[in-house]
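Undergrad:
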Amino acid sequence: MSRIELLSPAGDMKKLKTALYYGADAVYIGGKALSLRALAGNFTDEEIESAVEYTHKLGKKIYVTVNIFGRNADIDRAGEYFKFLEKVGVDGAIISDTGLIYLAKSVAPNLPINISTQANTLNYKTVEFWRDYGVKRVILARELNKDEIKEIHEKVPDIEIETFIHGAMCISYSGRCLLSDYRTGRSSNRGECVQACRWNYEIREKGSDCDFMEMQQDERGTYIMNSKDLNLLDYIGELDRAGVVSFKIEGRMKSEYYLATVVNAYRRALDAYYGQGDDYKNNPLFQEELKKTAHREFTTAYFLGDNDRTVNYDDSQSKGTHKFIANVLAGNSGSDYALIEMRNRFKVGDILEVLSPTDSFNKQITVTRLENEKGQAVEDAKIVQEKLRLYTDIPLYEGDILRIKG
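In terms of the working numbering, the sequence shown opens at residue 1 and continues consecutively.
(1) Below 6 Å CB to CB, which residues in the same chain sit around TRP130 once its five sequence neighbours on both sides are set aside?
(2) In terms of alpha-carbon separation, which member of SER8, ASP380, ARG369 lies closest to THR163?
(3) Report the three-state DSSP secondary structure of THR65 (helix, strand or coil).
(4) Going by the DSSP bridge assignment, what does GLN364 pair with across the sheet?
(5) Between the Cα of ASP306 and those of THR117, ASP393, GLU143, spot the shortest distance and give me the residue it belongs to.
(6) Could you compute how far the alpha carbon of GLN276 sits from the alpha carbon of VAL348?
(7) Which whole-angstrom value is the C-beta distance of LEU388 and GLU371, which I expect to be below 8 Å?
(8) With contact counted as at least three CB pairs below 8 Å, one residue from each stretch, are the segment 41–55 and the segment 13–22 in contact?
(9) Closest to GLY167 by CA distance: which of VAL135, ASN327, ASP158, VAL262 is it?
(10) Where in the segment 244–304 do unbroken runs of the alpha helix (DSSP H), each at least 4 residues long, occur, reported from the N-terminal end onward?
(11) According to DSSP, simplified to helix, strand and coil, what is THR44?
(12) In terms of alpha-carbon separation, which member of LEU396, ALA73, ILE236, LEU20 lies closest to ALA338?
(13) For the alpha helix (DSSP H) that LEU16 lies in, which residues bound it at each end?
(14) Determine, using beta carbons only, whether LEU329 and GLU341 come nearer to each other than 8 Å.
(15) For LEU34, count the other beta carbons within 10 Å of its own beta carbon; 16 or more makes it buried, fewer makes it exposed. Which is it?
(16) Within the same chain, show all residues whose beta-carbon is closer than 8 Å to that of ARG186, passing over the 5 residues directly before and after it, in chain order.
(17) Ordered along the chain, which non-local residues of its own chain (more than five positions away) have a Cβ less than 8 Å from that of GLN385?
(18) Between SER360, TYR302, LYS292, which has its C-alpha nearest LYS405's C-alpha?
(19) By a C-beta neighbour count over all protein chains shown, 10 Å radius and 16 as the cutoff for buried, is ASN327 buried or exposed?
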């Protein structure tokens, strides 16, 4: 059975390290310009070079998004950027604009190119075209179903296929949206999307001065363009048999806790799939993990065929079943305590749960002794980002996360 690449977003260096620690095989990042997530932390050129070095030392891969739809003023800068990415050895540039793809091939011929989902690749002839043009990988449009993906792979088996498997879905076709630009002057296609589709809307007849009519789904209103979140965790086998070699998680603007939770769940599900085949999905642990961080109602989108139930009429901010409590800064190997950094309030007597890629995963710690760095007892951890000593005999490691139910 071939190994599938688990590909995680990374909005900054800390999130990159989190994704790799929790089991991602590769990460995708954006620079400070020319990327469709301009509001994420993103990476300077110096940080990209450091990120490439760090990722490659772990034997993993790193891709850089250059997926805006370029204007004339972007061309010179993009050319220099492609040369830089080739020089530092990134494993691929994710590009959607045809002109920028042509430019990259011209100025950085050894830079692997991955065709962005924004390029809206829907059929095998388009994939064949990109293969013949020397492209390494195509990230298919999210509107395709599993049979269409499989046919593309069968028709063009000598090119890598990547698909999104988890995360937020754009209400517009393959992410090509004008709503943000229309409402705020900030273009989605140039990286400044304000997610206007997530907003609550009211309606009234054009030209009328009457009151706005109610479009009430519940007491808070209705979210008529707010998509559900994609979740294909139960379809690893189908994706594998369809020829997908890279499973992509959405979310360069998501939190560190979100990334740790989702990457950890998919890593464990993939490893179970390698050992058990499709029987892995009989274990409810993996889906339960995905519910422990913020998410909208889940959908398989179009993977199983036509689907007219992809809109999430509830509020776009849904809480998970667990709350992020603390980061582990230093483990307790050879010590009675681990050094943690508080992120949300907790107290002595609380039961914390361990999020970790190690065997300590999901073990529970009853907080019995807590101290600040001066060795003073703390009963109520309420100072944000205070460093604390947590006494426990459960093995904890740098990079682990502590969470609490509720």
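The beta carbon of each residue, even a glycine, is placed where N, CA and C say it ideally should be. Just so we're clear, the structure is a prediction, and the values are computed from it rather than from any experiment.
TA: In this structure, then:
(1) Within the same chain, TRP130 has close Cβ partners ILE115, VAL138.
(2) Taking THR163 as reference, the option from SER8, ASP380, ARG369 with the minimal CA-CA separation is SER8.
(3) THR65 falls in the strand class under three-state DSSP.
(4) Paired residues: GLU353.
(5) Measuring C-alpha to C-alpha distances from ASP306 to each of THR117, ASP393, GLU143 identifies GLU143 as the nearest.
(6) Rounded to whole angstroms, the separation of the alpha carbons of VAL348 and GLN276 is 41 Å.
(7) About 7 Å separates the beta carbon of LEU388 from that of GLU371, a gap short enough to meet the 8 Å contact definition.
(8) With a cut-off of 8 Å, the segment 13–22 and the segment 41–55 count as touching, because enough Cβ pairs lie within range.
(9) Each of VAL135, ASN327, ASP158, VAL262 was checked against the Cα of GLY167, and the nearest Cα belongs to VAL262.
(10) With a minimum length of 4 residues, the continuous alpha helix (DSSP H) runs that stay inside the segment 244–304 are 256–276, 285–290.
(11) THR44: coil per DSSP, three-state reduction.
(12) Here the closest residue by C-alpha is LEU396.
(13) Looking at the DSSP string, the run of the alpha helix (DSSP H) that includes LEU16 is 13–21.
(14) The answer is yes: Cβ separation under 8 Å.
(15) Burial of LEU34 is indicated by the presence of at least 16 other C-beta atoms within 10 angstroms of its C-beta.
(16) Correct list, in chain order: SER180, GLU192, CYS193, VAL194.
(17) Within the same chain, GLN385 has close Cβ partners GLU341, MET342, ARG343.
(18) For LYS405, the closest C-alpha among the options SER360, TYR302, LYS292 is that of LYS292.
(19) Buried, since its Cβ has 16 or more Cβ neighbours within 10 Å.
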